[in-house]
Amino acid sequence: MDLTALGECVVSLSCIVTQTTSGLIIGALLFLVAAGLTLIFGVLRVINFAHGSFYMLGAYLAITGYGITGSFTLAVMLAALGVAAFGVVFERVFMRRVYGSDVLMQLLVCYAFVLILDDAVKIIWGPEFKSLGMPAAFQVPPLMLGGGVVPVFYLFLISAAALIAIALWYVLVKTRLGKIVRAAAHNPSMTSALGLNTGVIYGAVFAVGGLLAGLAGALAAPVRSSSPGMGFSILIESFIVTVIGGMGSVSGALVGALLIGLIRSFGSIGFPMFVEGIMFLSMAVILVVKPSGILGREGR
Amino acid sequence: MRGPSRRRDLLLALAALAVLAVLPLVFSSRVLTDFVIRLAAFGVFATSLNILVGYGGMVSFGHGLFFGGGAYAFGLLMQKTGVSIPVAILGSVVYCALLGLVVGAICVRLKEIYFSFITLAFQMLVHSVIISWSSFTGGDQGLMGGIPRPPFLGVNLAEPLPLYWFACVVGVVCLLAMRHLLETPFGYTLRMVRDNPERARFVGIQVWRIKLAAFVIAGCFAGIGGMLMALFVSGAYPEFAYWTMSGEAVFMIMMGGLHVFLGPVVGAGLLLLFNDLITKFTEYHGAALGVVVLLFALVFRRGVTDFVGQVRVRLVRSGRP
């Protein structure tokens, strides 16, 4: 515990700027992963425990894509589309078979994939830590804001996540596609009775979830080192985010992700060993006070 | 009505104990005795989780909390207070009961996936406390320096054979106790709460009390499992209270089958055996385990004991004209 350091930080502008940006980075990545998780839960009532592995797959695909093409844009696209395709296969071939059974069966199938994908990554990319390296376009001097250092890539990452959040909101709320997805979430049997193919909707939701997780992995690859098993910690944190924000609520995931991001970045100064504890404590408190989360709907 | 079945359980337990007791005298293999000790610890742990999952319909993702809790309470009592082993066991069970009472009082009011998540949250909270309170718990290194095992009542658990017999007796007695408990009116009330909580409420049962009682009892037995493990490895590690430990217990009951009382024990044996064998053949132990799990979930779609049970029913039916 070093609460004096935390106290010194919150009165210094440069420290606030640095910690806030790093908190926003964590929050942005967490949002992308948690948004897919919460979307899948909202529509299918299934918790995709393999979602962290989607993120890992995205990071590794980006590393390979960047190695081959040398273009970060192409690498990100490869990662996003590759993981989206994987998401569809995962849903249509495997998860589809356990919707009727209880949550433990779904947990088993997902956990099996966590184990298999971790080892697959070990076999294909090796067990050691890997990094994509900073793409050439972002190798520029960092910005100085109020005495705090802000790398340009951080700004890019935060704005990319913000754009995706807006796009996701637009699609879900303003388009026919979004209406169909919300209808399937609200009443799947009625939706299929109206002639909409729920199988296609479910596959599409997993594709979007995979796309977002793949994007997150690719965007994280330059700033975080990748290793097999990296999906585990982001999965747990995304659980916390979805529970805090409200399971099934995408805007809740945004609020939760930013909250957890800031708790992590400021907490690492004041109580580095107990950051996880604080996160789980907040999750437990939310579950006791309002199980549906900050922005989740009551009932259901 | 249940008198004869109770006597049958007792006889079965005694027979199992007799076989286990002579086992190391026939095959003097350290691998075998070590396996049985671990099986006792994990069998009790997985069966205790099945009280919640199979009989109570409460899917806990945080049962490792009590496995770790029992291991640490026992280890710390032995290291810091110098009490005898039976007293330390009693102390760790009391500790787990209190922990179960506090955590359970908060958790059991939540339903379904929310119950799963809050149990996960509490488990990880305690895991964080273990990691960060390193002056007391040894932090991420675990309880260092070994757990003293002074002899009591002429039993010296520092010797491998007495430790083996002790683990067998504790394991069988715990299983028998849980079996007995699930056959009492309490056990049947718990099943009713699982199947139809509304109806249970109408006939005047206080549902949350039954659930809380099950949570506390399951926690105590899981603590005994953790205590056995701490005795065996002579230490306690934060992994005992990590969520992967709860995940393994879930694995065990799913592999063994949650509709037969001894299913989780069978599952524990299978998983331990599989882990031991597979690490000999390949370093990609996770992928191999993953394929097996996938096979269980998608092809068998049920645990081993359920599978055997169904085949038996089918045979009996086809035998009839």
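Taken in order, these protein sequences are the chains called G and L. Note that numbering that gives the first Met the number 0 has the first sequence beginning at 0, numbered continuously upward. Note that numbering that gives the first Met the number 0 has the second sequence beginning at 0, numbered continuously upward. Just so it is clear, CB atoms sit at the ideal spot from N, CA and C, and this is done for glycine as well.
- If you compare alpha carbons, which of L:Y54, L:V21 and L:R29 is closest to F185 (chain L)? L:Y54
- Which bits of chain L does Y110 (chain G) rub up against, with CB to CB less than 7 Å? G246 and V292
- Can you find a C-beta in chain L that's less than 7 Å from the C-beta of L294 (chain G)? no
- Message: Applying the 10 Å Cβ sphere with the 16-neighbour rule, what's the burial state of E111 (chain L)?
- Response: exposed
- Query: Quick one, which of G:A111, G:G147 and G:A215 has its alpha-carbon nearest L288 (chain L)'s?
  - Reply: G:A111
- Find out if the Cβ-Cβ distance for the pair G218 (chain L), F66 (chain L) is shorter than 7 Å. no
- Identify, in the order they occur along the chain, each residue of the same chain with its Cβ nearer than 6 Å to the Cβ of M55 (chain G), setting aside the five sequence neighbours on each side. M229 and G230
- Query: Taking the continuous beta strand (DSSP E) assigned at M143 (chain G), which residues delimit it?
  - Reply: L142 to L144
- With contact counted as at least three CB pairs below 8 Å, one residue from each stretch, are the region 217-229 of chain G and the region 270-279 of chain G in contact? no
- Under the rule that 16 or more other beta-carbon atoms within 10 Å means buried, what is I122 (chain G), buried or exposed? exposed
- Message: Using 8 Å for Cβ pairs, my map puts L257 (chain L) next to F93 (chain G). What's the rounded Cβ distance?
- Response: Not quite, the Cβ-Cβ distance comes to about 22 Å (not below 8 Å), so this is no contact.
- Within this structure, are the beta carbons of L211 (chain G) and L31 (chain G) separated by less than 7 Å? yes
- Where does the unbroken beta strand (DSSP E) through G202 (chain G) begin, and where does it stop? Premise fails: G202 (chain G) lies in the alpha helix (DSSP H), T197 to A219, not in any beta strand (DSSP E).
- Message: Since G255 (chain G) and A33 (chain G) should fall inside the 8 Å C-beta cutoff, what is the C-beta to C-beta distance between them, to a whole number of angstroms?
- Response: 7 Å
- Message: Is there a Cβ of chain G sitting closer than 7 Å to that of L100 (chain L), yes or no?
- Response: no
- Item | chain G contact for I117 (chain L) (CB, 7 Å cutoff) | yes
- Query: Which runs of the alpha helix (DSSP H) spanning at least 4 residues fall entirely within the region 98-177 of chain G, listed in chain order?
  - Reply: 102-124 and 151-173
- Task: Compute the Euclidean distance between the alpha carbons of C109 (chain G) and V128 (chain L), then round it to the nearest angstrom.
- Result: 28 Å
- 7 Å Cβ cut-off: residues of chain L touching M272 (chain G): I130 and S131
- Query: Are the region 180-194 of chain G and the region 53-70 of chain G touching by the rule of at least three beta carbon pairs closer than 8 Å?
  - Reply: no
- List in chain order: all unbroken beta strand (DSSP E) runs of 3+ residues lying wholly within the region 16-75 of chain L. none
- Which term fits S21 (chain G), buried or exposed, when burial requires 16 or more other beta carbons within 10 angstroms of its beta carbon? buried
- Message: Using only the alpha-carbon positions, how far apart do S13 (chain G) and P150 (chain G) sit?
- Response: 14 Å
- Query: Which runs of the alpha helix (DSSP H), 4 residues or longer, sit entirely within the region 220-289 of chain G?
  - Reply: 229-244, 249-269 and 274-288
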